[in-house]
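What follows is a single structure, written as structure tokens, with notes after it.
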Amino acid sequence: MREGLFIAFSLFTIAAASGVVLSRNPVYSAFSLILSFFGLSGLYLLWGTTFMAMIQILIYTGAIVVLFVFVVMLLNLQVNKESSPNFLIVGISGAAVWFFSLIILRVLTQAIPNTLPAIPTDQIRTISKLLFTRYLWPFEVLSLFLLVMIIAIFAITRTQEIPHGGEKQ
Amino acid sequence: MDWMDLIVTAVKTIVIYLGMVQVVPIMLIVERRGAALIQDRPGPNRVGPFGLFQPIADVIKMMMKEVAVPKQVNKALYILGPFLVLFPASLVIAALPFGDFFTLFDKNYILQVANIDVGILYILAIGSLGIYGILFGGWASNNKFSLIGAMRSSSQIISYEIPLGLAACSAVLWYGTFSLREMVTGQEGTILSVLPNWGIFYQPLGFLLFFVAAFAETNRLPFDLPESEAELVAGFHTEYGPMDFGTFFMAEYMNMATMSGLMVSIYFGGWHLPWISDATLLQWLGSRNLVALIQVLTAVTKIAFFMLVFVWVRWTIPRFRFDQLMRLAWKNLIPLGLINLVITALVLYFKGAA
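Chains as they are written, first to last, in the numbering used here: chain A, 1 to 169; chain B, 170 to 523.
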């Protein structure tokens, strides 16, 4: 039962992820991305990490992909009719490099366990404790990094000065 | 889990789901008659006694109309749109607690479809997916009004999710749990035997933020900019036919019910009667199942009250302008939510230290 569900969710995630790269219409790609995140959160649920599964849907599916879709729709991208062979070669070779480096990493380290680590019974408490003790600095640095990115985007996009008091109505 | 548990779970799922679907026709008549009451006119009163059969007539009308798919639409996403809205709206109901438990053949069953340990996150996460139906439906309609409505809807829902989440965060901090069931259990009793021990007395600002954001999340007036009929014809559902529109409508009412259920569970003591504890109730009635019945009735009454407030506000406050709506979220509600979160954390810290 568990293994069947695992295989079903995995296949679903992979199929949806292929849909993201294979579909010509960017809106369909975004839709496939949503489905693939759903499959991923199903895998998390199967592992028993309900918190991770919910955060996955809340953050990625519920907020980030909405912005993707938003941008795609605003830009009104045209459906790409021609296939570009160069792109395909680059994509396939990139995927191959990634795949083989993962295998090499697996062979070299041997540290990756074959079984998933056990889930602590009080996972939210465990996560928050780790976040506030062991991973406090990485966490803070990351949030600062995101803040800097937001400011940078503002600086790049807002090129022209808006005269004081003359805000566009 | 033996077969008895399975049957009980199945029955619970069906009963609670169908109960929530019944919200739609009830709200249809309540909203129309409520609007009439507020605007001092009779409202629909021809079909059946006091116009009570009006929803049936409405639904039959919608079902009998011809389903026409416009020529210019992106067919797949256009058809998918309404279902993408209805699907999450139906899913979230599973996490709402309606009562403590009932006993059947010496076995206790909780009055909730699924007791999820991260219930509040589940509702916020799945609830936020409804936006895709509006977004894809509006885009697939290939109509500028629909697209503007969909864009408005997505930016509005994303913006108001933040104050909603911040208010929920404060509540989670206060109760120390993500589970809605534990939140409700934590609200039993009284404060100094004067006030009921409800969340609203500990998190008044949080409730206000949640309440305002709930209107924006459900696309209700005064925040129904996505379909503002005075400027956008009908917004994201301009191109939709009778029952597709009806599906959007159903999802809206079910989302309202869920939001009311959340507010009741977090801030208004869920299934608890004010001032009367479950133990006292058990002493009076003598039967577990009678107590469970009273609990369910209490929870449903509270939810119904909030649904009435939704209608009441709709016909009282005019619509916002879009920049006002965004300013309210980003410049007022989010800072207030952050302040509320910090205050809650500080109070808890000093309470723990003392």
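Idealized CB from N, CA, C, for every residue including glycine. The model shown is predicted, which means the values in this text are computed figures rather than measured ones.
Hey, could you find the ends of the beta strand (DSSP E) residue i is sitting in?
| i | result |
| --- | --- |
| B/Asp269 | Gly268 to Leu273 |
Helix, strand or coil for residue i, going by three-state DSSP, please let me know.
| i | result |
| --- | --- |
| B/Asn277 | strand |
| B/Ile463 | helix |
| A/Gln169 | Reliability of the predicted coordinates at A/Gln169 is poor, the pLDDT of 45 falling under 50, and no value is obtained from them. |
| B/Ile445 | coil |
| B/Leu364 | strand |
| B/Thr354 | helix |
| B/Thr359 | strand |
| A/Met1 | coil |
| A/Trp47 | helix |
| A/Phe132 | helix |
| B/Glu227 | According to the sequence displayed, residue 227 of chain B carries Asp and not Glu. Helix. |
| B/Ile285 | coil |
| A/Glu140 | helix |
| B/Lys234 | coil |
| B/Leu265 | coil |
Along the chain, where does the alpha helix (DSSP H) containing residue i start, and where does it finish?
| i | result |
| --- | --- |
| B/Lys244 | Lys244 to Leu260 |
| B/Ser429 | Pro411 to Tyr436 |
| A/Tyr60 | Premise fails: A/Tyr60 is in no alpha helix (DSSP H) and is neither H nor E. |
| B/Trp440 | It is not in any alpha helix (DSSP H) - B/Trp440 carries neither H nor E in the DSSP assignment. |
| B/Gln241 | Unbroken run through B/Gln241: none, as it is neither H nor E. |
| B/Gln191 | Trp172 to Ile207 |
| B/Phe491 | Phe491 to Arg496 |
| B/Arg321 | Lys313 to Tyr344 |
| B/Gly307 | Gly299 to Ala309 |
| B/Phe222 | Neither: B/Phe222 is in no alpha helix (DSSP H) and is coded neither H nor E. |
Compare the C-beta of residue i against all C-beta atoms of chain B and say whether one is closer than 8 Å.
| i | result |
| --- | --- |
| A/Phe31 | yes |
| A/Arg109 | In the sequence as displayed, the identity of residue 109 of chain A is Thr instead of Arg. No, its Cβ sits nowhere closer than 8 Å to a Cβ of chain B. |
| A/Met73 | yes |
| A/Gly4 | no |
| A/Gly42 | no |
| A/Thr50 | yes |
| A/Leu58 | yes |
| A/Thr126 | no |
| A/Ala17 | no |
In chain order, what residues of the same chain lie with their CB nearer than 7 Å to the CB of residue i, ignoring the 5 residues before and after it?
| i | result |
| --- | --- |
| B/Phe405 | Ile303, Gly306, Gly307, Ser315, Gly318, Ala319, Ser322, Pro395 and Glu396 |
| B/Phe271 | Tyr278, Leu280, Arg457, Asn458 and Ala461 |
| B/Thr182 | Val282 |
| A/Ala8 | none |
| B/Leu507 | Leu335 |
| A/Ala16 | Ser32, Leu35, Ser36 and Gly39 |
For residue i, decide whether its Cβ has a neighbour in chain A, counting only Cβ atoms nearer than 8 Å.
| i | result |
| --- | --- |
| B/Tyr409 | no |
| B/Ile445 | no |
| B/Met320 | yes |
| B/Trp484 | no |
| B/Asp286 | yes |
Would you mind working out which of the options sits nearest residue i, comparing C-alpha positions?
| i | options | result |
| --- | --- | --- |
| B/Ala166 | B/Tyr329, B/Val192, B/Ile176 and B/Thr178 | What the structure shows of chain B is the stretch from 170 to 523, and residue 166 of chain B is not part of that stretch, so it cannot be assessed. |
| A/Phe12 | A/Leu144, A/Phe99 and A/Ser41 | A/Ser41 |
| B/Phe475 | B/Gly439, B/Tyr291 and B/Ile225 | B/Gly439 |
| A/Leu67 | A/Phe31, A/Phe87 and A/Ala118 | A/Phe31 |
| B/Phe519 | B/Asn311, B/Trp343 and B/Asp269 | B/Trp343 |
| B/Asp159 | B/Lys276, B/Ala403 and B/Arg389 | With chain B covering 170 to 523 only, the question about residue 159 of chain B has no answer from this structure. |
Using a Cβ-Cβ cutoff of less than 8 Å, which residues in the same chain neighbour residue i once the five nearest sequence positions on both sides are dropped?
| i | result |
| --- | --- |
| B/Met412 | Met231, Met232, Lys234 and Val236 |
| B/Arg350 | Pro266, Ile279, Gln281, Asn284 and Gly288 |
| A/Ile104 | none |
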